[in-house]
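Q:
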Amino acid sequence: MQGWWSYARHMTDRTYRVTEIVGTSPDGVTEAVDNGIKRAAQTLRHLDWFEVTDIRGQITDAAVSHYQVTMKIGFRLEDDE
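Our numbering applies: residue 136 is where the sequence shown begins, and numbers increase by one.
1. My understanding is that G163 touches W184, with C-beta atoms under 8 Å, so please give their C-beta distance in whole angstroms.
2. Can you tell me where the beta strand (DSSP E) with A198 in it begins and where it stops?
3. Hey, Q203 and G192 are a contact pair by Cβ (cut 8 Å); roughly how many whole angstroms apart?
4. Taking all protein chains shown into account, decide if A198 is buried (16 or more other Cβ within 10 angstroms of its Cβ) or exposed.
5. Identify every residue that forms a DSSP beta bridge with I190.
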């Protein structure tokens with residue numbers, strides 16, 4: 136818990152904005168999260184955290200064919216650097 140407390144204290148002096156995105160991948164949940172974060176990083180700066188809020192998938196021929204992960208991403212506002 137020491138690590139989390141240190142991180143939480145560091146976050147208290149900052150202001151964040153939260154946006155919701157959906158990352159997708161045919162390869163799995165982790166890959167869908169990674170794809171979503173990589174894409175968000177192309178247009179947003181100072182990404183600091185994410186929270187998965189929903190996991191969905193597509194089924195084709197009785198097997199999972201695609202994963203969709205909805206997540207909230209927190210990024211620091213620039214005037215708080």
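No residue lacks a Cβ here, since even glycine has one placed at the ideal position from N, Cα and C. What you are looking at is a predicted structure, and each value in this text was computed from that prediction instead of being measured.
A: Looking at the atomic coordinates:
1. Position 28 of the sequence shown, counting from 1, holds the residue named residue 163. Position 49 of the sequence shown, counting from 1, holds the residue named residue 184. Rounded, the Cβ-Cβ distance is 21 Å, inconsistent with contact.
2. Here residue 198 refers to the residue found at position 63 of the sequence shown. First-last of the beta strand (DSSP E) with A198: 198-211.
3. Translated into positions along the sequence shown, residue 203 becomes position 68. Translated into positions along the sequence shown, residue 192 becomes position 57. Contact between Q203 and G192 holds, with the beta-carbon distance rounding to 7 Å and staying under 8 Å.
4. Looking up residue 198 in the sequence shown gives position 63. That one is exposed.
5. On the sequence shown, residue 190 is found 55 positions in, with the first residue counted as 1. Beta-bridge partners assigned by DSSP to I190: V204.
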